[in-house]
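J.: I have a structure I would like to understand better, so I am pasting it below and will then ask my questions one at a time.
Number of protein chains: 2
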Amino acid sequence: MAAENDKSRLDDAARAGWLYFIAGHTQDEIAKMLQVSRASAQRLVSLCLAERLITFRLEHPIAACMELAARLKERFELVHCEVVPADPAAPQAVAGIAERCANLLDSTLRSETPVIVALGTGRAVRAAVERVTPIDRPNHQIVSLVGNISADGSASFYDTVGRLADRTGARHYPMPLPFLMSSEDERNKMVRIEPIAKVKAVAAKADLRLVGIGQMDQKAQVHIDGFVTRDELFEMMRLGAIGEITGWAYDAKGRLLKAGTNKRLTSIPPEVPARTTTIGAAVGAAKVPAIAAALSGGLINGLITDEATARAILER
Amino acid sequence: MAAENDKSRLDDAARAGWLYFIAGHTQDEIAKMLQVSRASAQRLVSLCLAERLITFRLEHPIAACMELAARLKERFELVHCEVVPADPAAPQAVAGIAERCANLLDSTLRSETPVIVALGTGRAVRAAVERVTPIDRPNHQIVSLVGNISADGSASFYDTVGRLADRTGARHYPMPLPFLMSSEDERNKMVRIEPIAKVKAVAAKADLRLVGIGQMDQKAQVHIDGFVTRDELFEMMRLGAIGEITGWAYDAKGRLLKAGTNKRLTSIPPEVPARTTTIGAAVGAAKVPAIAAALSGGLINGLITDEATARAILER
DNA sequence: TGGTTTTCTGAGCTATTGCTCATCGTATGG
DNA sequence: CCATACGATGAGCAATAGCTCAGAAAACCA
Numbered sequence: 004m005a006a007e008n009d010k011s012r013l014d015d016a017a018r019a020g021w022l023y024f025i026a027g028h029t030q031d032e033i034a035k036m037l038q039v040s041r042a043s044a045q046r047l048v049s050l051c052l053a054e055r056l057i058t059f060r061l062e063h064p065i066a067a068c069m070e071l072a073a074r075l076k077e078r079f080e081l082v083h084c085e086v087v088p089a090d091p092a093a094p095q096a097v098a099g100i101a102e103r104c105a106n107l108l109d110s111t112l113r114s115e116t117p118v119i120v121a122l123g124t125g126r127a128v129r130a131a132v133e134r135v136t137p138i139d140r141p142n143h144q145i146v147s148l149v150g151n152i153s154a155d156g157s158a159s160f161y162d163t164v165g166r167l168a169d170r171t172g173a174r175h176y177p178m179p180l181p182f183l184m185s186s187e188d189e190r191n192k193m194v195r196i197e198p199i200a201k202v203k204a205v206a207a208k209a210d211l212r213l214v215g216i217g218q219m220d221q222k223a224q225v226h227i228d229g230f231v232t233r234d235e236l237f238e239m240m241r242l243g244a245i246g247e248i249t250g251w252a253y254d255a256k257g258r259l260l261k262a263g264t265n266k267r268l269t270s271i272p273p274e275v276p277a278r279t280t281t282i283g284a285a286v287g288a289a290k291v292p293a294i295a296a297a298l299s300g301g302l303i304n305g306l307i308t309d310e311a312t313a314r315a316i317l318e319r
Numbered sequence: 004m005a006a007e008n009d010k011s012r013l014d015d016a017a018r019a020g021w022l023y024f025i026a027g028h029t030q031d032e033i034a035k036m037l038q039v040s041r042a043s044a045q046r047l048v049s050l051c052l053a054e055r056l057i058t059f060r061l062e063h064p065i066a067a068c069m070e071l072a073a074r075l076k077e078r079f080e081l082v083h084c085e086v087v088p089a090d091p092a093a094p095q096a097v098a099g100i101a102e103r104c105a106n107l108l109d110s111t112l113r114s115e116t117p118v119i120v121a122l123g124t125g126r127a128v129r130a131a132v133e134r135v136t137p138i139d140r141p142n143h144q145i146v147s148l149v150g151n152i153s154a155d156g157s158a159s160f161y162d163t164v165g166r167l168a169d170r171t172g173a174r175h176y177p178m179p180l181p182f183l184m185s186s187e188d189e190r191n192k193m194v195r196i197e198p199i200a201k202v203k204a205v206a207a208k209a210d211l212r213l214v215g216i217g218q219m220d221q222k223a224q225v226h227i228d229g230f231v232t233r234d235e236l237f238e239m240m241r242l243g244a245i246g247e248i249t250g251w252a253y254d255a256k257g258r259l260l261k262a263g264t265n266k267r268l269t270s271i272p273p274e275v276p277a278r279t280t281t282i283g284a285a286v287g288a289a290k291v292p293a294i295a296a297a298l299s300g301g302l303i304n305g306l307i308t309d310e311a312t313a314r315a316i317l318e319r
């Protein structure tokens, strides 16, 4: 039986991982203990890592990062800020902040009293939900801030809300709408229909919003993912768009634009200034202006980023 | 200033640990990033570990088992200890530990050089031999530690030794004696006769002893199986018996009693303290005092049990 | 200041690990 | 029932990590 096999394989992987990382044995010793070849023991250890059966947690506050976080927190009056060590080899690496986001989600979801978590877009957010520790919390609610139907009508794009719900057993509210409607009128009509109004109502009560921050340039994720066309993107850039959060474009001062795609956008609009905990997650030099603007405009009141990005934001 | 140095050194250690474990770089890469030699990078990673700046968390039920096993092993100086996940649906289920016992037998018997395996009583031991993988090892020897003739003179009770011999083609030595003789004198006479002395001699050279552990209460297996009468059981309890291994009753400190049925018992007595690998297999809340006593008294130097039982033993 | 001790560093060796490739066994499907 | 393909396995090799040792730098003491 496949499931049985998988289970015992994961069991062995966990054993191997424990013996390797916690007990400190060599893979050769582990191989003998578990009666497998050394190669298999190595595979089990890798599997343990790949399946995230084991997680690493850095207990030590790295002074430099702590200081950057403190400065960001003070300067932009944030309720939450984390700065992870930069990885010079891969400045765009989302792994570090995803880990911290997952941690944040973990600790939020661990609560026994029901909580509502709202999720936006972004690679970091996606990577974060993958790393959330499974936990049974059927009374929590997970709600999407953005429509989950792409331009071509498929609902295929990465289902963050669903994934997180899988891991927690929480009720979830994806938003069954296209990212953009064809006109402002139509948008206004759609957001009033019952199921959408329901999602909106839940989102309004969210205890935590975790959102990615996108820059508005030729490499804008909203364009790469096919949610906005090249022309729409250029139009928004002409209108002064420098960044977007859940699709809502804003200018260099963090003011939401009242034109272009924003008028046809179905995403739930950000509170301005953010009152509920709204945490932006983003790294990379290209995103610095977008992040800084979002912070200035109060679109977010929390930030998870890396050392290099944090430094760049503060140096502007 | 030393503190400053230490601090920045720990900082670097944390950074190195982060880059190594979380970002997944090699120490060589880290060395270049931090502008130190590879050797120093290695030292920083070690330091990070040594100072517990980074911790590993294994998100798997097995983790708890591994830890319990390690604690039992240390606390009672065991040569072997395995803890299987408890089955909440069937706390008495012997299946899990039987599987592990079978595994242990498998790996012992796989050896090409002749080995001697001695078997005691117990449901787990019986279930284990049923699960041993058949293998042809005619030069091994399987020997029984207990008489295989019950009170009524039949040799019907479960023939562990024979079953295991069937599966391995090994020579086997059942012990053709009643469990209890009618008097101490008679016992002393019987154990000196040739066939029995032979069994005893083989057992003395056993490489592995696998024994069940029985509690001495109203539900004692030795009584249920009809080897000791209610009166005999009560007498032993009065004398302080809390558990038995191959019929040998011992008190709460794991000391063999020198009275009652122990004087008429034909079973081969345990070494105290155990020198050859002597593994106890038992689960269940009722057996906790018996197991703990056997461990304390050194009647066994190995244990296979389940999570709940392991926890209970350690919490005493 | 000069000697002494201690700590740190890097070179180089050995053990350990990760990976590739060929093989084997087994499940799947015609 | 056989053919095919898929995944698992072990051997062997290249990369990586851990360790020891000798020398250098720093700290300490008289």
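Chain order of the listed sequences is V and E. Heads up: the first sequence is residues 4 to 319, going by the working numbering. Heads up: the second sequence is residues 4 to 319, going by the working numbering. The beta carbon of each residue, even a glycine, is placed where N, CA and C say it ideally should be. Since this is a predicted model, take the numbers as computed values, not measurements.
Starting from the beta carbon of V/PRO88, find every residue of chain E whose beta carbon is closer than 9 Å, and list them in chain order.
T.: The residue given as residue 88 of chain V occupies position 85 in the first sequence. Near V/PRO88 (Cβ distances below 9 Å), the residues of chain E are ALA17, ARG18, TRP21, LEU22, ILE25 and ALA26.
J.: If you drop the 5 nearest sequence neighbours on each side, which residues of the same chain put their C-beta closer than 6 Å to that of V/ALA293?
T.: Start at 1 with the first residue of the first sequence, and residue 293 of chain V comes out as number 290. Closer than 6 Å at Cβ, skipping near neighbours: ILE216, GLN218, ILE245 and GLY246.
J.: Is it true that the CB of E/VAL275 sits closer than 8 Å to the CB of E/LEU302?
T.: Locating residue 302 of chain E in the second sequence gives position 299, where the first residue counts as 1. Locating residue 275 of chain E in the second sequence gives position 272, where the first residue counts as 1. Yes; because the gap between Cβ atoms is below 8 Å, this pair is in contact.
J.: Under 8 Å between the Cβ atoms of V/ILE316 and V/LYS208?
T.: Reading the first sequence from its first residue, position 313 is the one you call residue 316 of chain V. Reading the first sequence from its first residue, position 205 is the one you call residue 208 of chain V. Taking 8 Å as the Cβ cut-off, V/ILE316 and V/LYS208 do not qualify as a contacting pair.
J.: Would you mind giving the Cβ-Cβ distance between E/VAL286 and E/ASP309, rounded to the nearest angstrom? I have them listed as a contact below 8 Å.
T.: In the second sequence, residue 286 of chain E corresponds to position 283, counting from 1. In the second sequence, residue 309 of chain E corresponds to position 306, counting from 1. E/VAL286 to E/ASP309, Cβ: 5 Å. Contact.
J.: Relative to the C-alpha of E/LEU61, which candidate in V/HIS63, V/ALA67 and V/GLU54 has its C-alpha closest?
T.: Working through the second sequence from its first residue, we reach residue 61 of chain E at position 58. Of the candidates V/HIS63, V/ALA67 and V/GLU54, the one whose C-alpha sits nearest the C-alpha of E/LEU61 is V/GLU54.
J.: Would you mind telling me which residues of chain V sit closer than 9 Å to E/PHE59, beta carbon to beta carbon, in chain order?
T.: In the second sequence, residue 59 of chain E corresponds to position 56, counting from 1. Simply GLY20, TRP21, PHE24, ILE25, ILE57, THR58, PHE59 and ARG60.
J.: Okay, do the segment 66 to 86 of chain V and the segment 18 to 28 of chain V touch, 3+ Cβ pairs below 8 Å being the bar?
T.: Short answer: they don't touch.
J.: Taking Cβ to Cβ, would you say V/SER270 is nearer than 8 Å to V/VAL149?
T.: Mapped onto the first sequence, residue 270 of chain V falls at position 267. Mapped onto the first sequence, residue 149 of chain V falls at position 146. Closer than 8 Å, so yes.
J.: Residues of the segment 95 to 120 of chain V with a CB closer than 9 Å to any CB of chain E: list them in chain order, please.
T.: Residues passing the 9 Å Cβ filter: ALA96, ALA98, GLY99 and GLU102.
J.: Tell me the residue span of the alpha helix (DSSP H) that contains E/PRO292.
T.: Start at 1 with the first residue of the second sequence, and residue 292 of chain E comes out as number 289. Counting along the chain, the alpha helix (DSSP H) containing E/PRO292 begins and ends at 291 to 299.
J.: What separation, rounded to the nearest whole angstrom, lies between the Cα atoms of V/LEU213 and V/THR249?
T.: The residue you call residue 213 of chain V lines up with position 210 of the first sequence. The residue you call residue 249 of chain V lines up with position 246 of the first sequence. Roughly 10 Å separates the two Cα atoms.
J.: Determine the direct distance from the alpha carbon of E/PRO141 to that of V/LEU108, and round the result to whole angstroms.
T.: Taking the first residue of the first sequence as position 1, residue 108 of chain V is located at position 105. Taking the first residue of the second sequence as position 1, residue 141 of chain E is located at position 138. Each residue's alpha carbon lies about 60 Å from the other.
J.: Using a cut-off of 7 Å between C-beta atoms, extract the partners of V/HIS63 located in chain E.
T.: The residue you call residue 63 of chain V lines up with position 60 of the first sequence. LEU13, ALA17 and LEU56, listed in chain order.
J.: If you draw a straight line from the alpha carbon of E/ASP234 to that of E/ARG241, how long is it in whole angstroms?
T.: Residue numbering aside, residue 234 of chain E sits at position 231 when the second sequence is read from its first letter. Residue numbering aside, residue 241 of chain E sits at position 238 when the second sequence is read from its first letter. C-alpha separation (whole angstroms): 10 Å.
J.: With a cut-off of 8 Å on the beta carbons, I'd call V/LEU37 and V/ALA17 a contact; round off their distance for me.
T.: In the first sequence, residue 37 of chain V corresponds to position 34, counting from 1. In the first sequence, residue 17 of chain V corresponds to position 14, counting from 1. Rounded, the Cβ-Cβ distance is 11 Å, inconsistent with contact.
J.: Return the CA-CA distance between E/HIS83 and E/GLU133, expressed in angstroms with no decimal places.
T.: Mapped onto the second sequence, residue 83 of chain E falls at position 80. Mapped onto the second sequence, residue 133 of chain E falls at position 130. Going from the Cα of E/HIS83 to the Cα of E/GLU133 covers about 22 Å.
J.: DSSP beta-bridge partners for V/CYS84?
T.: Locating residue 84 of chain V in the first sequence gives position 81, where the first residue counts as 1. BP columns for V/CYS84 point to V/LEU306.
J.: Among V/ASP90, V/LEU52 and V/ARG267, which one has its Cα closest to the Cα of E/ALA34?
T.: Position 31 of the second sequence, counting from 1, holds the residue named residue 34 of chain E. Selected option, being the one with the closest Cα: V/ASP90.
J.: Return the CA-CA distance between E/ALA73 and E/THR232, expressed in angstroms with no decimal places.
T.: Translated into positions along the second sequence, residue 73 of chain E becomes position 70. Translated into positions along the second sequence, residue 232 of chain E becomes position 229. Rounded to the nearest angstrom, the two C-alpha atoms are 39 Å apart.
J.: Just to confirm the assignment: which complete beta strand (DSSP E) runs, minimum length 3, are found wholly within the segment 133 to 197 of chain E?
T.: Segments of the beta strand (DSSP E) lying fully in the segment 133 to 197 of chain E: 144 to 152 and 174 to 181.
J.: May I have the straight-line CA-CA distance separating E/ARG314 from V/ALA252, to the nearest angstrom?
T.: Counting from one through the second sequence, the residue named residue 314 of chain E turns up at place 311. Counting from one through the first sequence, the residue named residue 252 of chain V turns up at place 249. Each residue's Cα considered, the two are about 56 Å apart.
J.: Please name the residue in V/GLY283, V/ILE227 and V/THR279 whose C-alpha comes closest to that of V/VAL205.
T.: For the purposes of this step, residue 205 of chain V is taken as residue 202 along the first sequence, with counting starting at 1. Of V/GLY283, V/ILE227 and V/THR279, the residue nearest in Cα terms is V/THR279.
J.: Strictly under 8 Å for the Cβ-Cβ distance: is E/ALA34 near chain V by that measure?
T.: Within the second sequence, residue 34 of chain E is the residue found at index 31, counting from 1. For E/ALA34, the answer is no, since every Cβ of chain V falls outside 8 Å of its Cβ.
J.: Can you give me, in chain order, the residues of the segment 128 to 146 of chain V that have a beta carbon less than 9 Å from any beta carbon in chain E?
T.: Of all residues in the segment 128 to 146 of chain V, THR136 and PRO137 have a Cβ within less than 9 Å of some Cβ in chain E.
J.: For E/VAL120, which three-state DSSP category applies?
T.: Residue numbering aside, residue 120 of chain E sits at position 117 when the second sequence is read from its first letter. E/VAL120: strand per DSSP, three-state reduction.
J.: So is E/ALA6 in contact with chain V if we call contact Cβ pairs under 8 Å?
T.: Residue 6 of chain E sits at position 3 when you count from the first residue of the second sequence. Bear in mind that the predicted position of E/ALA6 carries a pLDDT of just 37, short of 50, making it too unreliable to give a figure here.
J.: Can you give me the Cβ contacts of V/PRO181 inside the same chain, cut-off strictly under 6 Å, excluding the 5 residues immediately before and after it?
T.: If you number the first sequence from 1, residue 181 of chain V lands on position 178. Taken in chain order, the residues that qualify are GLY150 and ILE152.
J.: Check this for me: beta carbons of V/VAL135 and V/ARG103, under 8 Å apart or not?
T.: Within the first sequence, the letter at position 132 stands for residue 135 of chain V. Within the first sequence, the letter at position 100 stands for residue 103 of chain V. No, Cβ-Cβ distance for V/VAL135 and V/ARG103 is not below 8 Å.
J.: What residue from E/LYS76, E/ARG267, E/SER40 and E/LEU22 has the CA that sits closest to E/ALA330's CA?
T.: The question about residue 330 of chain E has no answer here: the residues shown for chain E are numbered 4 through 319.
J.: Quick one: does V/GLN30 have its CB under 8 Å from some CB of chain E?
T.: The residue given as residue 30 of chain V occupies position 27 in the first sequence. By this cut-off, V/GLN30 is not an interface position.
J.: Does the beta carbon of E/ALA289 sit closer than 8 Å to a beta carbon anywhere in chain V?
T.: Against the second sequence, residue 289 of chain E aligns to sequence position 286. So, not an interface residue.
J.: Which residues in chain V have a C-beta closer than 8 Å to the C-beta of E/ALA73? List them in chain order.
T.: Taking the second sequence and counting its residues from 1, one reaches residue 73 of chain E at position 70. In chain order: ALA26.
J.: In chain V, what lies closer than 9 Å to E/MET69 by C-beta?
T.: Here the question's residue 69 of chain E lines up with position 66 in the second sequence. Those are ALA17, ARG18, TRP21, LEU22, ILE25 and ALA26, listed as they occur along chain V.
J.: Exposed or buried, E/PRO273, counting other C-beta atoms within 10 Å across all chains shown (16 or more means buried)?
T.: One-based indexing of the second sequence puts residue 273 of chain E at position 270. Per the 10 Å Cβ criterion, buried.
J.: Mapping DSSP to helix, strand and coil, what is V/VAL214?
T.: Position 211 of the first sequence, counting from 1, holds the residue named residue 214 of chain V. Of the three classes helix, strand and coil, the one that applies to V/VAL214 here is strand, per DSSP.
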